[in-house]
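Take a look at the structure set out below.
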Amino acid sequence: DGGITQSPKYLFRKEGQNVTLSCEQNLNHDAMYWYRQDPGQGLRLIYYSQIVNDFQKGDIAEGYSVSREKKESFPLTVTSAQKNPTAFYLCASRPGRRNTEAFFGQGTRLTVV
Amino acid sequence: ILNVEQSPQSLHVQEGDSTNFTCSFPSSNFYALHWYRWETAKSPEALFVMTLNGDEKKKGRISATLNTKEGYSYLYIKGSQPEDSATYLCAFIQGAQKLVFGQGTRLTINP
Chain Y
53 DGGITQSPKY LFRKEGQNVT LSCEQNLNHD AMYWYRQDPG QGLRLIYYSQ
103 IVNDFQKGDI AEGYSVSREK KESFPLTVTS AQKNPTAFYL CASRPGRRNT
153 EAFFGQGTRL TVV
Chain E
5 ILNVEQSPQS LHVQEGDSTN FTCSFPSSNF YALHWYRWET AKSPEALFVM
55 TLNGDEKKKG RISATLNTKE GYSYLYIKGS QPEDSATYLC AFIQGAQKLV
105 FGQGTRLTIN P
């Protein structure tokens with residue numbers, strides 16, 4: 053079955069530790085995205101990638117890093133520099149053509165204690 | 005930062021009533037406008053992808069219109085049903101692949 057897989061679903065980390073969230077897609081999509089959702093807020097764009105080995109900062113990139121070494125994978129690292137890392141993180145992908153929608157993973161809820 | 009604004013933020017509608025909400029976005033360098041439905045405990049799912057000024061799309065009781073020159077889109081739900089309860093998100097693509105979401109409209113249908 054084609055889709056987007058995020059793992060893990062729940063993640064707990066101690067303050068000051070870096071943590072990497074996984075996002076894998078087997079849809080052969082060119083573009084991939086990372087969003088963050090906080091209670092009562094919408095989806096805010098962290099990073100996005102249009103093609104392999106290329107990515108751009110979104111609106112809230114500070115404290116995060118990404119890589120796109122393979123078309124199907126777009127991992128997000130939440131670094132210790134991110135001041136409020138506790139949030140719900142959603143990964144998405146889309147083919148990249150103008151009239152195509154995005155498909156989403158199930159999300160990872162990160163709690164930093 | 006691209007500003008995509010949705011209104012209202014939340015809405016309570018009686019079952020059977022029709023309703024609509026708004027998405028406003030920058031009118032310059034338009035590429036595409038998306039509508040998604042996000043139900044609790046699920047992932048967002050696309051309703052419509054709109055690319056041309058004047059586009060009107062329909063899926064069952066849900067329809068959407070697009071005005072790229074003035075920078076707004078409307079989503080309409082006719083004869084609301086309890087299963088329509090969800091958060092409705094619009095998302096804007098300007099230029100390349102940057103997909104930016106509004107804050108969403110949370111719709112609750114009262115039986």
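Residue numbers (the numbering used here), protein chains in the order written: chain Y, 53 to 165; chain E, 5 to 115. Ideal placement from N, C-alpha and C gives every residue a C-beta, glycine not left out. All figures in this text were calculated on a predicted structure; none of them were measured in a lab.
- One finds L103 in chain E with Cβ atoms closer than 7 angstroms to the Cβ of Y85 of chain Y, taken in chain order.
- For the pair Y80 of chain E and C75 of chain Y, the Cα-to-Cα distance works out to about 33 angstroms.
- Taking 9 angstroms as the CB threshold, Q107 of chain E lines the interface with chain Y.
- The DSSP assignment places 62–65, 71–77 and 83–89 as complete runs of the beta strand (DSSP E) inside the stretch 59–97 of chain Y, in order along the chain (cut-off: 3 residues).
- Contact check between the stretch 126–138 of chain Y and the stretch 96–114 of chain Y: three or more CB pairs, one atom from each, fall below 8 angstroms, which counts as touching.
- A check of alpha carbon separations from R161 of chain Y across Y:M84, Y:S59 and Y:E67 identifies Y:S59 as the nearest.
- Exclusion of the five residues before and after S119 of chain Y leaves P127 as the residues of its chain whose Cβ lies within less than 7 angstroms of its Cβ.
- Contact between the stretch 54–72 of chain E and the stretch 28–36 of chain E is present: three or more C-beta pairs spanning the two stretches fall below 8 angstroms.
- By the neighbour-count criterion, in which a residue is buried when 16 or more other Cβ atoms sit within 10 angstroms of its Cβ, P48 of chain E is buried.
- Near chain E, meaning a CB-to-CB distance below 9 angstroms, no residue of the stretch 62–80 of chain Y qualifies.
- Contact annotation: the stretch 87–100 of chain E touches the stretch 37–46 of chain E, with at least three C-beta pairs closer than 8 angstroms.
- Within the stretch 135–160 of chain Y, contact with chain E at the beta-carbon level (separation under 9 angstroms) is assigned to L142, A144, R146, G148, R150, N151, T152, E153, A154, F155, F156, G157, Q158 and G159.
- Assigned with DSSP and collapsed to three states, E87 of chain E falls in helix.
- Using a Cβ distance threshold of 9 angstroms, V71 of chain Y and P147 of chain Y do not count as a contacting pair.
- Judged by their CB atoms, E153 of chain Y and V104 of chain E are not nearer to each other than the 9 angstroms cut-off.
- Below the 8 angstroms Cβ cutoff, chain E contributes K102, L103, V104 and F105 as neighbours of L97 of chain Y, in chain order.
- A check of alpha carbon separations from G55 of chain Y across Y:N151, Y:Q89, Y:D90 and Y:Q158 identifies Y:Q158 as the nearest.
- By a beta-carbon distance limit of 8 angstroms, D88 of chain E contacts L111 of chain E. Their separation comes to about 6 angstroms.
- Closest by C-alpha distance to E121 of chain Y, out of Y:S132, Y:K109 and Y:M84, is Y:M84.
- T131 of chain Y has its alpha-carbon roughly 14 angstroms from the corresponding atom of V165 of chain Y.
- The beta carbons of L95 of chain Y and Y87 of chain Y sit closer together than 9 angstroms.
- Taking a 10 Å sphere around the C-beta of K102 of chain E, we find 16 or more other C-beta atoms and assign the residue as buried.
- If the five residues before and after L73 of chain Y are omitted, its C-beta is found closer than 6 angstroms to the C-beta atoms of L128, Y141 and T160, all from its own chain and listed in chain order.
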